[in-house]
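Written below as structure tokens is the structure these notes are about.
Structure, rendered in structure tokens:
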């Protein structure tokens with residue numbers, strides 16, 4: 001079974017930085033990007049586990 005470990009970190013960072021720039025807070029966007037990247041990896045692993053059963 002393939003596990004995702006950091007594959008979505010770049011996408012999460014881009015998303016977070018765009019949201020941060022929209023609100024005028026770059027550091028907020030950077031932290032949000034880290035959280036989004038972790039959440040996307042976690043969701044992809046859950047999706048794979050669900051479909052492997």
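Numbering (my numbering), first residue to last: 1 to 53.
We treat Cβ as the ideally placed atom computed from N, Cα and C, and that holds for glycine.
Under the assumption that residue 38 contacts residue 30 (Cβ atoms under 8 Å), give the Cβ distance between them as a whole number of angstroms. Within the chain shown, residue 38 is the residue found at index 38, counting from 1. Within the chain shown, residue 30 is the residue found at index 30, counting from 1. 13 Å between Cβ atoms; not a contact.
Given this structure, state the Cα-to-Cα distance separating residue 23 from residue 45, to the nearest angstrom. Working through the chain shown from its first residue, we reach residue 23 at position 23. Working through the chain shown from its first residue, we reach residue 45 at position 45. Straight-line Cα distance between these residues: approximately 30 Å.
| task | Using a threshold of 7 Å, state whether the C-beta atoms of residue 4 and residue 49 are closer than that. | result | Here residue 4 refers to the residue found at position 4 of the chain shown. Here residue 49 refers to the residue found at position 49 of the chain shown. Contact: no.
- Write down the C-beta distance between residue 11 and residue 19 rounded to the nearest angstrom, noting that I regard them as a contact closer than 8 Å. Position 11 of the chain shown, counted from the start, is the residue given in the question as residue 11. Position 19 of the chain shown, counted from the start, is the residue given in the question as residue 19. Cβ-Cβ separation between residue 11 and residue 19: approximately 13 Å, too far for a contact (criterion under 8 Å).
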